Amino acid sequence: MSLAIATGATTQRNWLEKLGPGHIILGTALVLYPLVASDFFLTQIGGYSLIFGMLGLSLMLLAGYGGMVSLAQITVAGIAAYAIAILGNANSNILGLGWPWWLAVIAAVFAAALASALIGWISVRTEGIYTIMITLAIATATYYFAQQNYAIFNGHSGYAGIRAPAFWGIGWRDAKPFYYLCLGLAALTYAAVLYGSRSTFGMTLQAIRDNPRRMRALGYHVTAHKVFAWLLSGVIAGLAGVLLVWFNGRVSPGTIGVDAAIDVLIIAVIGGLRHPIGPFLGALVVVLMQTFAIDIVGAERFNTLIGMVFLVIVFVSPDGILGLWGRIKPHLAQESLRPGP
Amino acid sequence: MRMHRRTLLALAVFTGLTAPSMALAADDTIKIGLLATFEGPFTVLGEDGERGAMTAIAEMNGTVAGKKIEIVKGSSDASPDSAVRAARKLVEQDGVKVLVGPLSGDEGIAVKDYAKTQPTVTFINGTSAAQDTTLRDPAENFFRFSTDGAQWMAGLGTYAFKDKGYKKVATVAEDYSFPYTQVFGFMAEFCKAGGHVPSKSWVPIGNKDFSSVIAAIPEDVDAIYVALGGADAVNFLTQYQQGGGTAPLIGGSITVDQTVLTSKGKLKDVLKGTPSAGPTADTNDAPAWKAFVEAYKKQPGAFPSPSLFAHGYYVDMKATLLGLDKVGGDVSDGGKKLREALSTLSFDTPTGKVSLDKNRNAIADIFLTEVTEGSDGNLLNKLVKVVPQVNQTLGIPEDEFMKLGAVNRDNPSCP
Chain A
868 MSLAIATGAT
878 TQRNWLEKLG
888 PGHIILGTAL
898 VLYPLVASDF
908 FLTQIGGYSL
918 IFGMLGLSLM
928 LLAGYGGMVS
938 LAQITVAGIA
948 AYAIAILGNA
958 NSNILGLGWP
968 WWLAVIAAVF
978 AAALASALIG
988 WISVRTEGIY
998 TIMITLAIAT
1008 ATYYFAQQNY
1018 AIFNGHSGYA
1028 GIRAPAFWGI
1038 GWRDAKPFYY
1048 LCLGLAALTY
1058 AAVLYGSRST
1068 FGMTLQAIRD
1078 NPRRMRALGY
1088 HVTAHKVFAW
1098 LLSGVIAGLA
1108 GVLLVWFNGR
1118 VSPGTIGVDA
1128 AIDVLIIAVI
1138 GGLRHPIGPF
1148 LGALVVVLMQ
1158 TFAIDIVGAE
1168 RFNTLIGMVF
1178 LVIVFVSPDG
1188 ILGLWGRIKP
1198 HLAQESLRPG
1208 P
Chain B
69 MRMHRRTLLA
79 LAVFTGLTAP
89 SMALAADDTI
99 KIGLLATFEG
109 PFTVLGEDGE
119 RGAMTAIAEM
129 NGTVAGKKIE
139 IVKGSSDASP
149 DSAVRAARKL
159 VEQDGVKVLV
169 GPLSGDEGIA
179 VKDYAKTQPT
189 VTFINGTSAA
199 QDTTLRDPAE
209 NFFRFSTDGA
219 QWMAGLGTYA
229 FKDKGYKKVA
239 TVAEDYSFPY
249 TQVFGFMAEF
259 CKAGGHVPSK
269 SWVPIGNKDF
279 SSVIAAIPED
289 VDAIYVALGG
299 ADAVNFLTQY
309 QQGGGTAPLI
319 GGSITVDQTV
329 LTSKGKLKDV
339 LKGTPSAGPT
349 ADTNDAPAWK
359 AFVEAYKKQP
369 GAFPSPSLFA
379 HGYYVDMKAT
389 LLGLDKVGGD
399 VSDGGKKLRE
409 ALSTLSFDTP
419 TGKVSLDKNR
429 NAIADIFLTE
439 VTEGSDGNLL
449 NKLVKVVPQV
459 NQTLGIPEDE
469 FMKLGAVNRD
479 NPSCP
């Protein structure tokens, strides 16, 4: 009996130690955040940042571990979003097949992952800037196709009136449940990416990023590994797309336009590509700037201010906010060693 | 020490998330949200809309019912998503109880849908002019004192057929709800008079290359009806002229608007003589219009004559202020009194009397115009005829009008 408790305590301590104090504090803060935040800050800032953080995370997985910079992440999310609208309960007098929400979600994420794998399969034949070009081409083509196709995508106006499901007596689009839903999925995908990066597959992927020729010579199937990474990133982007369409209650080509595609890249670059927390930091900065810049400098020049802030971040630290932290950290460590004044 | 530093980071993030959520309004001010396109392809249009709204506020010396007016601006890029996001920020974060906007068609439909979820906030349209914003499934708290795109076309179809003698017309328009509404308004009259529209081209907003569209226009049409806005109109007209196109044009309301007429280049020869219709006419010599033009010109960066967007935002902002004045600036009852005051409001604008129908959509005068060169070399819309008090069903009985169906790419049709 006492033995059992003792082992329980040790494993628990180990588990806590593994998690690290930073994660615990951040996690607690995020869980308690609804106590102090207004509904607007919960969903429009908190939820929205987490959704775009997940999108950035799906790009970070590809770019950080696989060395493949994609501009098509929002397209993948858009496919999930449109799938939810088409299979679910949109009220735009077209399609809206009325599937139960859980089936629609599974199908949407599956479709997104498949589409992502397909995009990956096309683009793994290229490297560097050519990957960016080909994914940009795919994103733009999808945008214009959605804009002009009425049979499936309902053209410029897209789908409206999409409701998040209500079950267990909770309406999941209400501020608090929606925030926790976003937080839960974001934490899950974050942990999965962190864990995955240390797994055999993650290590192999990073090795392929660093030297694909050697990995090929060692007998690894480079293309298969890369396409699988695309599939995984598609699952994350697909989940983000489902949250995004529940958040907006609507989806239209504007959601998956080139502007949005570039936003995702900015989020990942601003945040930093070396650690999965980077995209979430980047998303927070970008969402705060896009929401409040207009209050700071007025309607005429607010986009200039947003651009300037991004420029400064990248100028000061080419590794984004994460890199900034990496630079300050040694200074702080030195500080504690110095004698007092 | 590690722990200590991480705590700092977490705290910094945490406080950053929560701190700015305090927004308090003093008792002696009244907050009005102003939503327009300050980014994207319709930026120029949005900025002129703002000038119009500001003209109305300047007219009241910046106060209403003894309270100071505080304008909180929101920006969209003409996509419905961005409009709803901006509206949400104004309502849920800045706490406005009265919101004026948006500018573009599909934005209007999206904001109307959002209005249904915010019954205590009063929404007054900017210049969005899609028919279904108010005609089908309207929101109780969404008001449109500017008219819709089909109303703006009143008189044009008949004029093109009878006076200009055009029998066959091709249309080129952007692919969303507002141009559908405009084409509907034009064709309703034109087809009824006996005209035919053999070809309709729909192009995406922000299109740059129109060569395939121009090639697809049939050779034997008498004229081309163009309903494009801002940069799209300039691009199409330039490329059509360079491609050697010679067919005369018929203009949608925002195609021959000041936002396009003032653009630099060789468009003058193409545009001169183009008939159009809309809620304004530059050479209108009614004293009220002239006074409005003078007041408008005091705004920084103003055009030689106010655009349709300046006019629309002016009328809607003016109505908002008149409504607020009637209820003494009191919206503490969830805006119930304000909405009652607005529904029964009827007032004289620079372009004649405006009142609302049961769907809270305006009934107003529409101006039939033709593009001419002014004495100073600027292109102007010369007033040809005023069509008085056009309602949303274009004078057709409502049940008959509803039978025509919702506007879209294929409706109406008379090939």
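As you go down the protein sequences, you meet chains A and B in turn. Just so you know, the first sequence maps onto residues 868 to 1208 in the numbering used here. Just so you know, the second sequence maps onto residues 69 to 483 in the numbering used here. Ideal Cβ placement from N, Cα and C applies to all residues, glycine included. This structure is a prediction, so every number in the text was calculated from the model and none was measured.
- Its chain contains Val168, Ile192, Asn193, Gly194, Phe213 and Ser214 as the residues whose beta carbon lies nearer than 7 Å to that of aspartate 384 of chain B, once the 5 sequence neighbours on both sides are disregarded; these appear in chain order.
- With respect to lysine 236 of chain B, aspartate 288 of chain B sits close: the two C-beta atoms are nearer than 9 Å.
- Neighbours of arginine 1040 of chain A across chain B, judged by C-beta separation under 8 Å, do not exist; the nearest C-beta is about 10 Å away.
- Under a criterion of Cβ atoms nearer than 8 Å, no residue of chain B is adjacent to asparagine 1021 of chain A; the nearest Cβ is some 10 Å distant.
- Using a Cβ-Cβ distance cut-off of 8 Å, the segment 1096–1114 of chain A and the segment 886–896 of chain A are not in contact, since fewer than three pairs of beta carbons, one from each stretch, lie closer than that value.
- Note on geometry: alpha-carbon atoms of alanine 947 of chain A and alanine 291 of chain B lie some 44 Å from one another.
- Counting along the chain, the unbroken alpha helix (DSSP H) around glutamine 219 of chain B starts and ends at 217–220.
- A:Ile1134 is the residue among A:Ala1127, A:Ile1134, A:Tyr1017 and A:Met1175 whose C-alpha sits nearest the C-alpha of leucine 1189 of chain A.
- Beyond the five residues adjoining it in sequence on each side, lysine 180 of chain B comes within less than 6 Å, by CB distance, of Thr201, Ala207 and Phe210 in the same chain, given in chain order.
- Lysine 135 of chain B: member of the beta strand (DSSP E) spanning 135–143, first to last residue.
- DSSP places alanine 984 of chain A in the helix class (H, G or I) of the three-state scheme.
- With contacts defined as CB atoms closer than 9 Å, glycine 108 of chain B and phenylalanine 377 of chain B fail to qualify as a contacting pair.
- The straight-line gap separating the alpha-carbon atoms of leucine 224 of chain B and leucine 296 of chain B is approximately 16 Å.
- Distance from alanine 104 of chain B to proline 148 of chain B at the Cβ level is roughly 15 Å; contact not present, criterion being Cβ atoms closer than 8 Å.
- Listed along the chain, the chain B residues whose CB falls inside 9 Å of the CB of serine 1184 of chain A amount to none; the nearest CB is some 15 Å away.
- Looking at the DSSP output, valine 458 of chain B bridges to B:Ala432.
- Taking every protein chain shown into account, the CB of lysine 165 of chain B has 16 or more other CB atoms within 10 angstroms, so this residue is buried.
- Cβ atoms of serine 344 of chain B and glutamine 250 of chain B stay farther apart than 8 Å, at about 10 Å.
- Residue A:Ser983 holds the alpha-carbon nearest to the alpha-carbon of threonine 1009 of chain A among A:Ile1161, A:Ser983 and A:Ser1064.
- Closest in C-alpha terms to alanine 228 of chain B, from the list B:Ser245, B:Phe254, B:Tyr248 and B:Ile100, comes B:Phe254.
- Taking C-beta separations shorter than 7 Å and ignoring five residues to either side along the sequence, the partners of glycine 176 of chain B in its chain run Pro170, Asn193, Ser196, Ala198 and Thr201, following chain order.
- Taken atom to atom, the span from the alpha-carbon of glycine 934 of chain A to that of arginine 1076 of chain A is near 5 Å.
- Listed along chain B are Pro148, Ile177, Ala178 and Asp181, each with a C-beta nearer than 9 Å to that of alanine 1027 of chain A.
- No Cβ-Cβ contact shorter than 9 Å links alanine 432 of chain B with valine 452 of chain B.
- In the three-state reduction of the DSSP assignment, phenylalanine 1012 of chain A falls in the helix class.
- Within 10 angstroms of the beta-carbon of valine 898 of chain A lie fewer than 16 other beta-carbons, which makes it exposed.
- For leucine 296 of chain B, there is no enclosing beta strand (DSSP E), as DSSP marks it with neither H nor E.
- Secondary structure at tyrosine 1026 of chain A: strand, using DSSP grouped into helix, strand and coil.
- Taking 9 Å as the threshold, the shortest C-beta distance from threonine 1007 of chain A to chain B does not fall below it.
- Setting aside the 5 residues that flank it on each side, leucine 1061 of chain A is surrounded in the same chain by Pro1143, each with a C-beta closer than 7 Å to its C-beta; the list follows chain order.
- For valine 271 of chain B, the enclosing beta strand (DSSP E) starts and ends at 268–271.
- Three or more Cβ pairs closer than 8 Å define a contact, and the segment 328–337 of chain B meets that threshold against the segment 439–453 of chain B.
- Looking at the DSSP output, glutamate 208 of chain B bridges to nothing.
- The secondary-structure analysis by DSSP pairs histidine 264 of chain B across a beta bridge with B:Lys236.
- Inter-residue distance for serine 150 of chain B and alanine 1096 of chain A is about 32 Å (C-alpha atoms, whole angstroms).
- Close to chain A, meaning a Cβ-Cβ distance shorter than 9 Å, are the following residues of the segment 218–243 of chain B: Glu242 and Asp243.
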